[in-house]
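The structure appears right after this line, and notes come after that.
Numbering (our numbering), first residue to last: 1006 to 1250.
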């Protein structure tokens, strides 16, 4: 069968111009996240959350560990983001290699997400407030009884909160934390105290050596981690910390 001259000319022009049907864009590799601790207070509470994230959020890949040795810089280099849930250390003071490795990881461009109890877990690490963004101070910081409350959006334009709506959770509502004066609060929850209402920070961001860092104050137990919005915020915080948002 003869190919029409016009068709042959068109094919020649396309080949000469190097034109081809554009290939479908490849999905970016997932954010590799190392999670230190399976839950606050030593309780394993994040199993269902991790299974849900694995099934429904392919943009992140979380590796969980309880071993503080995994915080050595040689291992941290294999990850994009560090998620701190609880660190098992004596007397609230991590070994020097942990402090140095986390700081080097952030200097090298890694991201950090810190949740709930992690800020109370290392009270004797003086610099943790600058790195984590907040610190629990014994005798000053506290919370009321575990209860149901609403979490509200303060900065709806922030990329972490894309698609996030106010939600109801059951948790410990921390207040009177020592916090960095320059952190950016993007979610709050109202605490009623002595006849007045205080919007306590629930989600905030800050920077360490230009590394993106997030503090998420929720996540006390299994029920606290059940709301879909909790899991969405956690994933999008990891993505933001890795500059994916």
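Just so you know, even glycine gets a beta-carbon here, dropped at the ideal spot from N, CA and C.
Here the structure is a predicted model, which means the values were calculated and not measured.
Problem - Range of the contiguous beta strand (DSSP E) that encloses residue 1066 - result: Going by DSSP, residue 1066 is part of the beta strand (DSSP E) stretching over 1065 to 1070.
Practice task
Look up residue 1140 in the DSSP assignment and give the residues it is bridged to.
Solution key: Among the bridge pairs identified by DSSP, residue 1140 is matched with 1183.
Handout entry: Residues near residue 1227 in its chain [Cβ-Cβ closer than 6 angstroms; skip 5 each side]
Key = Counting only Cβ-Cβ distances below 6 angstroms, and skipping sequence neighbours, we find 1050.
Problem - N-terminal and C-terminal residue of the alpha helix (DSSP H) that residue 1082 is part of - result: Segment: none, residue 1082 is in no alpha helix (DSSP H) and carries neither H nor E.
Handout entry: residue 1204 in three-state terms, based on DSSP
Key = Strand, per DSSP.
Problem - Boundaries of the beta strand (DSSP E) in which residue 1227 is found, first to last residue - result: Where residue 1227 is concerned, there is no enclosing beta strand (DSSP E), given that its DSSP letter is neither H nor E.
Exercise for the section: Please work out which residues of its chain come closer than 8 angstroms, Cβ to Cβ, to residue 1158, disregarding the five sequence neighbours upstream and downstream, and give them in chain order. Expected result: Hits under 8 angstroms: 1166, 1169, 1170, 1171, 1191, 1192.
Problem - Buried versus exposed, by CB contacts within 10 Å (16 or more), residue 1046 - result: The residue is exposed, with fewer than 16 neighbouring Cβ atoms inside 10 Å.
Problem - Which listed residue (1117, 1105, 1197, 1177) has its alpha carbon closest to that of residue 1209 - result: Nearest option by C-alpha distance: 1117.
Problem - Bridge partners - residue 1151, DSSP secondary structure assignment - result: In DSSP, residue 1151 forms no bridge with anything.
Exercise for the section: Closer than 6 angstroms by C-beta to residue 1136: which residues in its own chain qualify, once you throw out the five before and the five after it? Chain order, please. Expected result: Contacts found: 1213.
Handout entry: In DSSP terms, what residue 1158 is bridged to
Key = 1192.
Handout entry: When 1100, 1073, 1095, 1097 are compared against residue 1087, the one with the closest alpha-carbon
Key = Of the candidates 1100, 1073, 1095, 1097, 1073 places its Cα closest to the Cα of residue 1087.
Handout entry: At least 3 beta-carbon pairs within less than 8 angstroms: the stretch 1075 to 1092 vs the stretch 1100 to 1118
Key = Yes: at least three Cβ pairs fall under 8 angstroms.
Problem - Rounded straight-line distance, which links the Cα of residue 1239 to that of residue 1146 - result: Their Cα atoms are separated by approximately 24 angstroms.
Problem - Backbone secondary structure at residue 1088 - three-state DSSP - result: Residue state, collapsed to three classes: strand.
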